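Have a look at the structure below before the remarks.
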Amino acid sequence: MRKHSAVWLFVCISLIVFLFVLSSCSNITSFFMCSNGHTIEEVLAKDSTCSEHGLSHAWRCSVCDKYFEDEEGKIEISYSSLVIPAKGHTPVTDYAVEPTCIVEGRTEGSHCSVCGEIITKQEVVPAFGHVPVVDAAYPPTFDTIGKTEGSHCSRCGATIVPQVDIPALGAQGSTNLSFIENNSGYSVTGIGTCTDTNIVIPSIYNGKTVTRIDNSAFINCLGFTSISIPDTITSIGEFAFSGCSNLKSINIPESVTKIESGAFRGCSSLTSIELPSGITKIYPSTFQLCAGLTEIVIPDKVTVIDSYAFSDCVGLVSIDIPNSVTKIGARVFAGCSNIKELIIPRTVQSIGNGAFFGCAMLQKIEIPSGIKYLDNNLFNGCSGINELIIPTSVTSIGKSVFEGCNKLTTLTYYGTKAQWLLISVGDYWRINSAITYVECKNGRLTVKGGLYD
Ligand SMILES: [Zn+2]
Ligand SMILES: [Zn+2]
Ligand SMILES: [Zn+2]
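Per our numbering, the sequence shown starts with residue 1229, numbered consecutively.
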């Protein structure tokens, strides 16, 4: 029984010693390996970062976790002396951004310029949203467009609800006119069943542009007094308004570059008309018999005034011919019995027969120096002319050129008497006129009488 107790005591003491040794080294291994020398491993140096510490180079025992200066594990140093403290962040300001109506903003924040870590987070500031203001609707007038109601933002000016154009009433035009499709859109071909007294030609028909007033479109229409032409029209056809004797008012837009023959022939109620600046030719009979016309300005790109263009415009008192004109056709001003003043510019190279036939109020005419031929009947019936100048370029005078010029006693000729005598004259060139003398550069000639004078 005693021997038994002694065995138990030995076992207990052994167990206690074992547990003591076990607790003095950190693990089982140390119990076996660290008791007579450390198990050294190298601790590599490590730089510190913004937020993590670094370590200096050292040696360490992997069993007892002690640190040493030397590989032999003789000079122990503390772990804390190896620690290189963290550097801390280098903060940079992230500036605040103001929100706009539609883009969100941010509060001020910061981040580290070295590691990029966010130090102070920027918070989102919501967009303001637009501040709507109503853009009132307004109706169209004849020549200005209208708009539907819309809205915009009073803070940023952005359109919220766009306003939509309402076409000008003029663009809508008179209804029931007739049209035909052409290469570039539509031509107005006639009055159709339209009964408007103030006709408005639309700029758009059937979704396409109205570009032309066709030949004879309104010929002899007496039912309207005014017509408005949109600036989509580029040409007016032959006799388009011929015989519209009640037409008092018309606008021809600058878009029109061609007005064809007889377009306004016999528009006797028209008192004035403004021609677009782009036209280069006045076609034959364009304004013939426009008895009410008192003034007209011929645009300065016009080079040809063709035959009968203004004939029988008895209301015209004066007319300016621009010095772009090189040709005046036959009978252009024939029957313009009230024109008192007319200057033929030096640019004119030819004048057609009877161009001034019956201009009874004309008093003075100077024929420009490029003219070679005074065509038949040129001044026939010009009973008011008392002064007429003939340049040396003239080599022949046609038939009845001065017939009936009964106030014209003396012709002024810039050449010599000898040159005058070389000029050929046609039959009846001065019949029923008062022409008796030709005042030449070197003296006066008396014109001989004769059967065919
Ligand atoms: Zn150790
Ligand atoms: Zn950092
Ligand atoms: Zn806004």
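Every residue, glycine too, gets a C-beta built ideally from N, C-alpha and C. Just so we're clear, the structure is a prediction, and the values are computed from it rather than from any experiment.
Residue pairing from DSSP places K1592 in a beta bridge opposite E1615. A distance below 9 Å separates the beta carbons of V1392 and T1376. Beta-bridge partners of V1352 (DSSP): R1334.
Annotated three-state conformation of Y1656 is coil, per DSSP. The criterion of a C-beta distance shorter than 9 Å is not satisfied by I1593 and G1557.
Near ligand 2, residues with a Cβ at less than 6 Å from any of the ligand's heavy atoms are C1278, H1317, C1340, V1342, C1343, E1345; the list follows chain order.
Take the alpha-carbon of N1670 and the one of A1646: they are about 9 Å apart. Taking the Cα of E1488 as reference, the smallest distance to any Cα among E1482, E1466, G1494, K1476 is reached at E1466. With a cutoff of 8 Å, H1358 counts as near ligand 3, since its C-beta is closer than that to a heavy atom of the ligand. With a 10 Å radius around the Cβ and a threshold of 16 neighbouring Cβ atoms, S1470 comes out buried. Taking the CA atoms as reference points, D1363 sits about 12 Å from G1374. In the DSSP assignment, the residues bridged to D1322 are G1337.
Residue side-chain check: G1385 places its Cβ nearer than 8 Å to a non-hydrogen atom of ligand 3.
Bounds of the beta strand (DSSP E) holding K1436 are 1436–1441. In the structure shown, Y1295 falls within a strand segment according to DSSP collapsed to helix, strand and coil.
Looking at the backbone, the Cα of R1440 and that of A1491 are separated by about 13 Å.
By the neighbour-count criterion, in which 16 or more other beta carbons inside 10 Å mark a residue as buried, N1434 falls on the exposed side. Taking non-hydrogen atoms of ligand 1 into account, the C-beta of H1281 is found less than 8 Å away from none of them. For I1461, the number of other beta carbons within 10 angstroms of its own is at least 16, and it is reported as buried.
For the pair S1477 and L1498, the Cα-to-Cα distance works out to about 6 Å. No heavy atom of ligand 1 is found nearer than 8 Å to the CB of H1285.
Taking I1572 as the centre and dropping the five residues before and after it, the same chain places the C-beta of I1549, I1556, I1579, I1593, E1594, I1595, P1596 closer than 8 Å to its C-beta, in chain order. Looking only at F1538, S1431, L1521, S1279, the smallest Cα-Cα distance to Y1511 is reached by F1538. Distance check between P1504 and each of L1521, P1527, I1347, T1335 places P1527 closest, using alpha-carbon atoms only. Checking the 8 Å criterion, the Cβ of I1510 is out of range of every heavy atom belonging to ligand 3. As computed with DSSP, C1384 is found in no beta bridge at all. Collapsing the DSSP output to three states places Y1307 in a helix.
Excluding its 5 nearest sequence neighbours in each direction, R1383 has C-beta neighbours in its own chain below 8 Å: C1329, F1356, H1358, V1359, listed in chain order.
Look at K1294: its beta carbon is less than 8 Å from one of the heavy atoms in ligand 1. Here the alpha carbons of A1314 and V1291 stand approximately 28 Å from one another.
Closest option to E1269, judged by alpha-carbon separation, among Y1295, A1468, A1365, L1450: Y1295. Across the structure, E1300 and S1308 are spaced so that their CA atoms are roughly 20 Å apart. Residue ranges of uninterrupted beta strand (DSSP E) with 3 or more members, entirely inside the region 1475–1537 and ordered along the chain, are 1477–1479, 1500–1502, 1523–1525.
Taking all protein chains in view, the Cβ of E1631 is crowded by 16 or more other Cβ atoms within 10 Å, so the residue is classified as buried. Taking each of T1514, P1458, F1452 in turn and checking the Cα distance to N1443, the smallest one comes out for T1514. Annotation: A1662 is outside any beta strand (DSSP E) and is labelled neither H nor E by DSSP.
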